């Protein structure tokens, strides 16, 4: 059983319902979104008569659920989308599209500062920057770790940016939770349910990347692991899926999958246009197509000197490339269902 | 060995080279594009000294080839793209994007006329309309065949439209070659090499659909079967590829595949946005994304009354839907690398 | 509507039912198996009261069908399997497993005779040998065509073997139908519905290869195209399906697909173990696994001198390799659900 | 650079090489197999002259490596296979095939004991039993955790069995490392590099399951993460890969992938025949095929009462089913390249 509270239900109302559930011998778990709370009733093997809840106020809906996925479906959440607020009113799942940009990895203090300076001057408020990197070889650069996190944090503070960085295990998760604004879970850890559960208990939004061979149903299962632990602030990110085209080093952005996801699930979905290809020109083309196709945001790799990048150089845009793309995206924005949201320049 | 003639090489020059080849005991096969001719030397098991050809004029390049694909690669064709002219100056592979629209199947004389009337009034000059239909059940409507061809032809003539229709075997190929402007080979017959060879000998442009599980390399092999028989006027059409998402009835448009194809091959590639999904709204979104991503044309199913269509109803646009889409595409066109080409209304 | 006749129903009984159907304004199409006939009622848009058929004898079952697949399902055929007799009592779908062997292509008269001599001396009665070859390059050897067919036919006659050879279009189909015992349709033509329909009208068993990216459902649709035209003598052949492992030149034998197919469909399914890999040693391992997994037959490429083969050399077994494999298969046979069927040596 | 020590090189010899490496300013990391040690030289950005190592004894080979995979390839390991000894002489990668059996999850003390009693009486010495379970719904049974581990451990001790159980995070890994003999990493965590690295530092063999959409190359990368941390005792497990057959709940055992892996990598590879299908009968057929195809072991789910199993019931064999299968496997074993290894019954 699942109790969907009204938007604006008070803490007191929620608490009363929780106590009511506990009084009849069950466990209550609260899952909190920016607007609405859901109370999951755990442990009810039998049927609970919903009349019992008549005496409580603030309840919108009571749903008897048996299927394995409960919290991912929009229809179970009163039909409305969950707006994910990552801080200072920067929101996902509104009528506009956010942009997240930055380097694959933070490589030095200077490059972090330089990139944040550049991006913020262009109205970008969310900066990505890996510090723990799962790479395709254990001998490749694995990120600057704690040091990198410091650099990212300093740069973000100076230029008033929100930050996204990837957690790869409990240790990095707890470290990042203290510092960054959005915790990214990478494609390779999309089915690391243990880590996902931990993401469900933190007080930060999560950006979950769809695995490159994960079906939309697989994504739902992973989401349910986060949501069922109490965190509804999840942004999902499509980054291209693997096909039978093994000879080319590319994956395919599943635009229709984004639509299907948005039809069924209440969470925002953004598109990472950098990872499907290893070619800057194509990143630009895909970004343009994505904003016109319609999505809740773009994620793009930008680097001060892509040819010297320690990771993902071939697909990273230079500042110049990014500027050109931004002009194109602004032009297209007028005709997009969800226009690109850019912010005023943040003074240092 | 392959001899690439200069653009503008005369018939006489070509003939002389052919005779030169035959004099030294080999067979020559001419492959003709709109601008350039290629002469394939068949039967040369040993190496031919290219100095032999010094005495001939009109030759741009002599290429010693051993790999299995020769005529598909742009680099073998002097690096330039092949412009496919389907008649009256309606061309593919120029700096604009063509639009092909019309019903999945021609269902009656009235609907053919009504659709042609509507489309031509919107500036569309190329009409699709199936008359031989390979369906997913032998018990489904298989097309009006000869009768349908008559209707399509009458409508096209009246409204001055070029026509595209699918051949499924030798019989339909020879019938259609007499009447339509472009012969379509469907996804299911993409590897029907016997039919492809026959397409190589006809005097009409061919529109080859990529099979929904064909790699780009597979497409090249199929193209080579057409090109090596002497017909260079081929338009390729991406229509979505099958992925592991078996539970949803959808395929994924391989936008990056279009770019890869265009990088390597000299032929035009268009995108059919109707077949990847069974949902009109998504056809519109995909069409918008495709024009912005960049391609040589769009192929869209339009039907006077989609809910009553005998085939492909769910993904067919009504006239009203198409009008709305056209407005959006025109707006976007300004920002597209290849803007949409629309023609003046053709008076009846 | 579909009328399943009893096993042993007489021609007269069948004729009476056909006439009965025509009398009430519908068309009847007979689909004939080795044991049982099915009469399809075409043109019945409305419901026909089955009481009407009470007066006829020889009827086992009347099935009202609306779904797009009718004749492929075992449950529609009285639950029993269709035994395909390719002549002289050589049958598929019995309690044993047949073996088909021979070269990819017939390359000369001598090699045809030599191979037939060898195979027949080992108790193999069915010889494969391509004469029309769809290759992955139009410049590769495409088969000896009419001449090759002559050689195959002469060898088969001399050594009393049944023959399997591939048709690629109407012309080759009509030629082969006169001469060989089983018409093969290759993986690339699996969805060439026009050719499949023609296979439905010939009086020879058909061996349909599953396309390397075809789902079992796709195979059913293709089968229905043959069956619905009146030919129930179809053998299906699994040959490996394409996966995401693009870097290796291999496909994967879908053993579970064979079981699923056999659970649902009444036709025999064999396994071609030569095409999944380009490595003889692995062909042997797969053949051993296949006989133990259980299937209605094996198809194996054998060549007098594989290293000089004009096609498929790397995966062809030499006579010596084949002998070793045969010993292993005979040993395993005792423990196989369907042991390998070998015949006495045929004296010349 | 990588230094391959001779089989039988002494601790002293190894230590001397390590010190020699450190003396010239690099870091040495030892990777230990049952027979052979490898010393990885970390930090050598430039080239080290191998003449420097002439003074050390016990060295077999010095390999200059730059590619991203070093330790997975057999050719880098002196061409020989790594034998993985899980204790008491129970080894993988010898000339026989091991069998691992047991329930998906340990559900109670009684069932653990009952299963161990049964299996050991049949000569099976390795028991699987999940206690931390990543399931396709967070609301499904997630394993008995610490309690289950106690039951598994008690049963194993009583019946002298080796145990395999899955770790899903650091916590479970450290817990299991103390108690079980082989740590399993499940398909969903195959690319959880952080966990894999930790597996590289423990003193227990690891059983790594191939993800159901992982290429063999992906498996190599994951292995390299374990091996490069110093643990060479890894057994890899093929369990079926996902194909485009979305409508059926099945995956496909990649037999050829097993061969390719064994050709290139020095580690043992076993086949889990239970997870590809949800049908006991097919588990039996696949197991028979697998032993005949050839592999280093089978992993099979066995449950005292499959119809009441809390997880994976449909594909679990009952004791009776398992007995039947064992008889068949024993019969086939005579003809298998790697016959099934069964042990004498262990007295309680």
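Chains as they are written, first to last, in the numbering used here: chain G, 602 to 949; chain H, 602 to 949; chain Z, 602 to 949; chain F, 602 to 949.
Even glycine gets a Cβ: it sits at the ideal position worked out from N, Cα and C.
Source: prediction; values computed, not measured.
Asked, Found
"Nearest-angstrom beta carbon gap, residue 750 of chain G and residue 549 of chain G [assumed within contact, 8 Å]", "Nothing about residue 549 of chain G can be reported from this structure: the residues present for chain G run from 602 to 949 only."
"Residue 749 of chain H in three-state terms, based on DSSP", "helix"
"Check: residue 817 of chain G C-beta below 6 Å from any heavy atom of the ligand FAD", "The ligand FAD is not part of the structure shown, which contains no ligands of any sort."
"Selection of the segment 885 to 904 of chain H by Cβ proximity to chain G, strictly under 7 Å", "886, 887, 889, 890, 893, 894, 895"
"Proximity test, Cβ basis, 7 Å: residue 814 of chain Z and chain H", "yes"
"Cutoff 7 Å: residue 682 of chain G Cβ touching any chain H Cβ", "no"
"Simplified DSSP assignment, three categories, for residue 756 of chain H", "helix"
"8 Å CB neighbourhood of residue 851 of chain G in its chain, flanking five on each side removed", "841, 877, 878, 879"
"Nearest-angstrom Cα separation, counted from residue 676 of chain H out to residue 703 of chain F", "60 Å"
"Contact with chain G by residue 810 of chain H, beta-carbon distance below 7 Å", "no"
"Collapsed DSSP secondary structure at residue 808 of chain Z in the structure displayed", "strand"
"When F/824, F/859, F/763 are compared against residue 671 of chain F, the one with the closest alpha-carbon", "F/824"
"Residue 662 of chain Z: first and last residue of the uninterrupted beta strand (DSSP E) it sits in", "660 to 664"
"is_contact[residue 826 of chain F, chain G] using C-beta, thresh 7 Å", "yes"
"Neighbouring residues, chain C, relative to residue 739 of chain H (Cβ below 7 Å)", "Checking the listed chains, one finds no chain C in this structure; the protein chains it contains are G, H, Z and F."
"Chain H contacts made by the segment 758 to 781 of chain Z, where a contact means CB separation under 7 Å", "769, 770, 771"
"Residue-level contact to chain H via CB, residue 614 of chain Z, 7 Å cutoff", "no"
"Cutoff 7 Å: residue 968 of chain F Cβ touching any chain Z Cβ", "Residue coverage of chain F in this structure runs from 602 to 949, which leaves residue 968 of chain F outside it and unanswerable."
"Reference residue 843 of chain G; option with closest CA among G/833, G/836, G/834, G/854", "G/854"
"CA-to-CA distance, residue 641 of chain Z to residue 590 of chain Z, given in whole angstroms", "Residue 590 of chain Z is absent from the model: chain Z starts at 602 and stops at 949."
"Close-in-space but distant-in-sequence residues of the same chain around residue 874 of chain Z (CB under 8 Å, 5 per side omitted)", "854, 884, 887, 888, 891, 899, 900, 901"
"Residue-chain proximity (residue 822 of chain Z, chain H), Cβ-Cβ < 7 Å", "yes"
"Per-residue contacts from residue 929 of chain G into chain H (C-beta, under 8 Å)", "936"
"Beta-carbon proximity list for residue 651 of chain H, same chain, < 6 Å, skipping 5 on both sides", "663"
"Interface flag, residue 792 of chain Z vs chain H, CB-CB below 7 Å", "yes"
"Backbone secondary structure at residue 705 of chain Z - three-state DSSP", "coil"
"Closest Cα partner of residue 602 of chain F within the set F/610, F/752, F/639", "F/639"
"Residues that residue 832 of chain F bridges to, as DSSP identifies them", "F/633"
"8 Å contact criterion, which residue 933 of chain H and residue 926 of chain H should meet: CB distance rounded", "In fact, because the Cβ distance is near 10 Å, the residues do not count as touching under 8 Å."
"Own chain residues within Cβ distance below 7 Å of residue 815 of chain G, not counting five before or after", "791"
"Cα-Cα separation between residue 963 of chain Z and residue 734 of chain H, rounded to whole angstroms", "The structure shown does not extend to residue 963 of chain Z, since chain Z spans only 602 to 949, so no value can be given for it."
"Chain H contact for residue 795 of chain Z (CB, 7 Å cutoff)", "yes"
"Which of helix, strand or coil DSSP assigns to residue 848 of chain H", "At residue 848 of chain H the pLDDT is 46, less than 50, meaning the model places this residue with poor confidence and gives no usable figure here."
"Interface partners of residue 789 of chain G on chain F, CB under 8 Å", "792, 793, 794"
"Which listed residue (Z/937, Z/787, Z/656) has its alpha carbon closest to that of residue 1000 of chain F", "Shown here, chain F extends from 602 to 949; a query on residue 1000 of chain F therefore has no answer."
"Own chain, CB closer than 6 Å to residue 622 of chain F, minus 5 neighbours either side, in chain order", "629, 642"
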